[in-house]
Amino acid sequence: MGGGFGGLAAARGLARAPVDVTLVDRTNHHLFQPLLYQVATAGLSPAEIAYPIRRILRRQRNARVLLGEAVAIDLSARRVRLADGEVGYDHLILAAGASHSYFGKDEWETHAPGLKTLEDALEIRRRALVAFEAAEREEGAEARRQWLTFVVVGGGPTGVEMAGAFAEIARHTLARDFRRIDPRTARVLLVEAGPRVLPAYPAELGEKAKLQLEALGVQVWTGAPVTAVDGAGVGVGDHRVAARTVVWAAGVQASPLARSLGAPLDRAGRVRVEPALTVPGQPGVFVIGDLASLDQDGRPVPGVAPAALQMGAHAAANVVRALRGEPLAPFRYRDKGSLATIGRRSGVAVLGRLRLSGLLAWLAWLGIHVFFLIGFRNRFVVLFTWAWAYLTYDRSARLILGHGRQRQDSIRGIG
Ligand SMILES: Cc1cc2nc3c(=O)[nH]c(=O)nc-3n(C[C@H](O)[C@H](O)[C@H](O)COP(=O)(O)OP(=O)(O)OC[C@H]3O[C@@H](n4cnc5c(N)ncnc54)[C@H](O)[C@@H]3O)c2cc1C
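Quick note: the sequence shown uses numbering that gives the first Met the number 0, first residue 0, plus one each step.
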């Protein structure tokens with residue numbers, strides 16, 4: 000269930016097994032989420048980071064792909080209830096991922112969309128580009144400043160990458176495209192409640208990331224919890240920041256599907272799985288990827304793509320073990336490192352014992368992301384697009400599409 004990193008790895012891991020695989024996803028594409036911020040900031044187009052699941056599994060003869068939304072799992076009947084039907088199973092591998100959490104303030108979502116799907120990315124792109132258009136037409140200086148203020152909430156890798164890209168758009172990409180406004184005066188603010196950005200990285204890399212962001216013109220506020228979000232801006236501690244574009248990159252919450260298993264969940268709603276990745280008391284039901292909560296050596300296995308890929312392969316191998324009547328093997332996560340990019344040629348990376356920052360980290364980020372992208376055409380097009388963007392500062396996907404999820408940003412018909 001789910002054709003993300005985990006579900007796809009599981010389906011592929013069963014390619015040679017004597018089983019019939021059914022992969023169900025509510026979208027028809029596998030999405031490379033690590034590059035989603037590039038779509039949100041007009042660097043890449045949707046088709047360059049997504050690939051039809053049906054196409055990926057075309058050659059795997061024991062696999063079929065169904066487009067459908069799972070709404071509940073019936074463990075006793077061994078069926079997954081879909082919004083418009085149901086699917087039976089002998090073994091279930093649940094890989095439905097996670098979405099954003101607004102820490103109980105769901106009403107903030109309208110004003111501060113999170114980044115999880117292609118639709119989210121297109122909506123953020125639309126809002127950011129509309130903000131510059133609206134500022135160009137605005138008469139009042141204060142209202143113009145409000146349109147030209149961009150707030151990113153959350154200083155993890157996604158927040159850092161988004162803030163860096165917004166700054167680059169304002170300082171370089173759009174710098175000469177307007178007549179009345181100077182996009183370089185746009186204010187990009189990254190707000191983090193904790194004491195530093197990139198809390199999962201070593202402290203020195205968090206500090207370097209902050210300096211690199213500041214060099215790009217991003218204002219970084221740490222120890223700054225967001226207390227309010229509305230159509231006119233955000234409250235940060237006792238401060239009020241007037242801003243028309245706010246992006247949420249703060250919390251994560253597991254798919255609500257997890258609840259229907261009736262299994263123990265952690266605070267983010269993830270299923271506390273056994274070491275073999277099974278649901279307690281349900282040896283035929285595996286939960287993997289962002290939906291699974293598992294501690295290893297006293298620390299949680301992180302919600303990252305490599306962990307989901309490894310869990311997917313492991314769950315598939317355990318299904319094969321179960322079919323052979325062998326005991327299930329415990330999962331062990333192999334940490335291959337983490338990378339985040341900041342703007343067009345800097346970043347931070349932890350690769351084993353190696354800690355990189357600046358251009359080297361950015362090159363490592365670029366190489367790894369292109370390598371793991373699915374589809375030769377996508378790799379080729381992304382590399383070309385980045386090379387072009389590097390040379391010209393241009394962002395080729397600067398299209399305003401759709402009418403938005405709410406109309407609060409329309410000034411005199413814009414948006
Ligand atoms: C913006 C962003 C940037 C990221 N950057 C990085 C990074 O740089 N490096 C890194 O390692 N990780 C990164 N991650 C995290 C990484 O993408 C996740 O850890 C990984 O995608 C988890 O894989 P998964 O298979 O568990 O879930 P997902 O990849 O989210 O896949 C879940 C799938 O299930 C489907 N689905 C969900 N609910 C249902 C339902 N009810 N019915 C049917 N289908 C359903 C979805 O459509 C989706 O295809 C990033 C995540 C985001 C959002």
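Glycine included, C-beta positions come from ideal geometry on N, C-alpha and C.
First and last residue of the uninterrupted alpha helix (DSSP H) at residue i
i    : result
I367 : L358 to F371
Y36  : L35 to A39
A49  : Taken as a continuous stretch (DSSP letters only), A49 belongs to no alpha helix (DSSP H), being part of the beta strand (DSSP E) at A49 to P51.
H28  : Element bounds for H28: not the alpha helix (DSSP H) but the beta strand (DSSP E), H28 to L30.
L81  : Looking at the DSSP string, L81 is not in any alpha helix (DSSP H); the run it does join, the beta strand (DSSP E), is R78 to L81.
M310 : A304 to L322
Cβ-heavy atom distance, residue i to ligand 2, below 6 Å
i    : result
L276 : For ligand 2, the structure offers nothing, since it holds only ligand 1.
Inter-residue Cα distance where the pair is residue i and residue j
i    : j    : result
H368 : L398 : 24 Å
E141 : K209 : 28 Å
G351 : G336 : 6 Å
A316 : H29  : 22 Å
V233 : W247 : 11 Å
D393 : L204 : 28 Å
A82  : G67  : 7 Å
V152 : H238 : 14 Å
A127 : V64  : 35 Å
D119 : G324 : 44 Å
DSSP state of residue i mapped onto helix, strand, coil
i    : result
T226 : strand
Q59  : coil
Y389 : helix
Q192 : The residue you asked about is not Gln; residue 192 is Ala in the sequence shown. Coil, per DSSP.
L355 : strand
T21  : strand
F330 : coil
A69  : strand
G346 : strand
T157 : helix
L425 : Nothing about residue 425 can be reported from this structure: the residues present for the chain run from 0 to 414 only.
P299 : strand
P198 : coil
Beta strand (DSSP E) segment containing residue i, residue limits
i    : result
G232 : G232 to V235
A214 : Where A214 is concerned, there is no enclosing beta strand (DSSP E), although the alpha helix (DSSP H) it sits in stretches over A202 to A214.
G288 : From DSSP, G288 is part of no beta strand (DSSP E); its letter is neither H nor E.
A241 : H238 to A241
V246 : T244 to W247
A339 : S337 to I341
V219 : V217 to W220
Buried or exposed by the 16-neighbour rule on C-beta atoms within 10 Å, applied to residue i
i    : result
A313 : The amino acid at residue 313 is misidentified as Ala; the sequence shows His. With 16 or more other Cβ atoms within 10 Å, it is buried.
Y389 : exposed
L359 : exposed
T109 : exposed
S75  : exposed
As an exercise, report each continuous alpha helix (DSSP H) stretch of at least 4 residues that is fully enclosed by the region 83–151, in chain order.
117–136 and 140–146
In chain order, each beta strand (DSSP E) run of at least 3 residues that lies wholly inside the region 249–279:
Runs of beta strand (DSSP E) with 3 or more residues, each lying fully within the region 249–279, are found at 250–253, listed in chain order.
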